[in-house]
Amino acid sequence: MTVDGTPVNKGYVIFSPVQGSANSAVSGEVENGSYTLKCIPGEQKVTITGQMVSGSIVPLRYLEESSDLSADVGEDKMTINFDLTSKVRRRR
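Residue numbers for the sequence shown follow my numbering, so the first one is 2 and each next one is one higher.
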């Protein structure tokens with residue numbers, strides 16, 4: 002997990018099922034850009050908190066309930082990378 006190419010030093014990633022109970026949400030600790038967690042398969046809303054080595058925090062838009070991050074989790078073990086950006090991309 003990176004922000005503008007720099008690994009997130011410490012933080013948490015939360016996967017919450019889009020369909021179903023919020024009680025099924027799982028979180029994992031982020032260390033040096035990596036995390037591990039087990040969650041139920043299906044579409045997941047993703048929120049991220051964290052701090053980079055430089056001391057800058059992960060941009061607020063990834064922390065909030067309004068986070069536009071999502072992941073489609075399969076039955077098998079998989080790697081899901083998040084390459085975050087601090088700048089908002091403008092839509093055309």
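Backbone N, C-alpha and C fix where the C-beta goes; we use that ideal spot for every residue, glycine too.
Here the structure is a predicted model, which is why all the values come from computation and not from measurement.
- With respect to the 8 Å criterion, residue 15 and residue 25 are not classified as neighbours on the basis of their beta carbons.
- One Cα belongs to residue 28, the other to residue 83, and the distance between them is close to 15 Å.
- Straight across, the Cα-Cα distance linking residue 61 with residue 74 is about 24 Å.
- Within the segment 13-57, the beta strand (DSSP E) runs of at least 3 residues that lie entirely inside it are, in chain order, 27-32 and 43-53.
- Residue 17 sits buried, since 16 or more C-beta atoms from the chains shown fall within 10 Å of its C-beta.
- Ranked by Cα distance from residue 59, the first of 31, 39 and 20 is 31.
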